[in-house]
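Read through the structure below, which is laid out as structure tokens, and then see the notes.
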Amino acid sequence: MASFREMRFDDLFKINSLVFDALTEVYSLTFFVKHLLEFPGLSRIAEAPGPEGPLMGYIFGHYVAKQNQEPHSHVAALTVSPEYRRLGLATALMDYLFIAASHKGASFVNLFMRASNQAAYHLYTSMGYAHRQTLEDYYPDDPEPENAFEMRKYIPHPMEVH
Ligand SMILES: CC(C)(COP(=O)(O)OP(=O)(O)OC[C@H]1O[C@@H](n2cnc3c(N)ncnc32)[C@H](O)[C@@H]1OP(=O)(O)O)[C@@H](O)C(=O)NCCC(=O)NCCS
């Protein structure tokens with residue numbers, strides 16, 4: 002059984018084993034620290050039982066509320082350790098972010114994924130995310146850059162009755 006909690010700064014020193022996955026986006030420690038400070042409540046970690054239970058997966062979300070843009074949450078990183086996959090952890094982490102984003106007043110949740118990432122594509126479409134656009138050569142890999150898909154899911158907000 003997994004337990005879920007808010008990510009803490011000291012977790013950043015334990016996520017190395019997870020970020021070595023080829024399909025996991027790697028960011029600097031500064032990025033993660035800034036992220037936790039700027040967007041409290043939008044990052045979540047899943048850990049195995051026990052006092053020093055290993056980290057099973059995490060999600061980093063942020064919130065975008067710029068002029069001329071619909072307010073939305075963006076999934077900056079989502080990964081689940083290979084030994085804990087297909088147990089519903091990514092679904093639970095994404096569900097959490099969706100609800101947190103909804104409470105903040107976001108119109109939708111979106112993310113960018115590698116066009117070749119079949120597992121991620123199946124995950125997001127199974128959760129109601131739809132392909133919104135293709136960003137050409139978004140990932141500057143050597144020798145061949147790779148396209149990204151923007152996946153997006155709108156958050157239903159109840160209509161106000163006056
Ligand atoms: C993609 C990833 C996050 C999925 O995590 P997960 O915890 O295994 O996902 P879930 O157990 O919640 O899967 C839910 C559904 O997604 C789909 N899915 C997940 N992994 C899949 C795979 N390898 N192949 C096909 N479908 C898959 C299935 O429909 C699955 O439901 P099912 O198990 O009942 O068939 C995980 O494989 C991962 O961390 N990959 C490397 C990093 C990465 O790609 N992150 C996403 C970047 S955009």
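Numbering-wise (my numbering), the sequence shown opens with residue 2 and increments by one. Glycine is no exception: its CB is placed at the ideal position from the N, C-alpha and C atoms. It should be emphasised that the depicted structure is a prediction, and the values quoted were computed from it without experimental measurement.
- According to the DSSP secondary-structure assignment, Arg-6 is paired through a beta bridge with Ile-46.
- Per DSSP, Val-27 lies in no alpha helix (DSSP H) segment and is marked neither H nor E.
- Glu-147 is bridged by DSSP to Tyr-140.
- For a cut-off of 8 angstroms, the C-beta gap from Ala-131 to Arg-153 is around 6 angstroms, short enough to register as a contact.
- Secondary structure note for Phe-99: its alpha helix (DSSP H) is the uninterrupted segment 90-105.
- Phe-150 is a Cβ neighbour of Ala-116, given a cutoff of 9 angstroms.
- The beta carbon of Leu-24 lies closer than 6 angstroms to those of Asn-118 in the same chain, with the five residues before and after it left out.
- For Ser-127, there is no enclosing beta strand (DSSP E); the enclosing alpha helix (DSSP H) covers residues 119-127.
- Met-128 and Met-95 do touch by the CB rule: their CB atoms are close to 6 angstroms apart, below 8 angstroms.
- At a Cβ-Cβ threshold of 9 angstroms, Gly-62 and Ala-49 do not count as neighbours.
- Contact annotation: Phe-14 and Val-34 have beta-carbon atoms that are not nearer than 9 angstroms.
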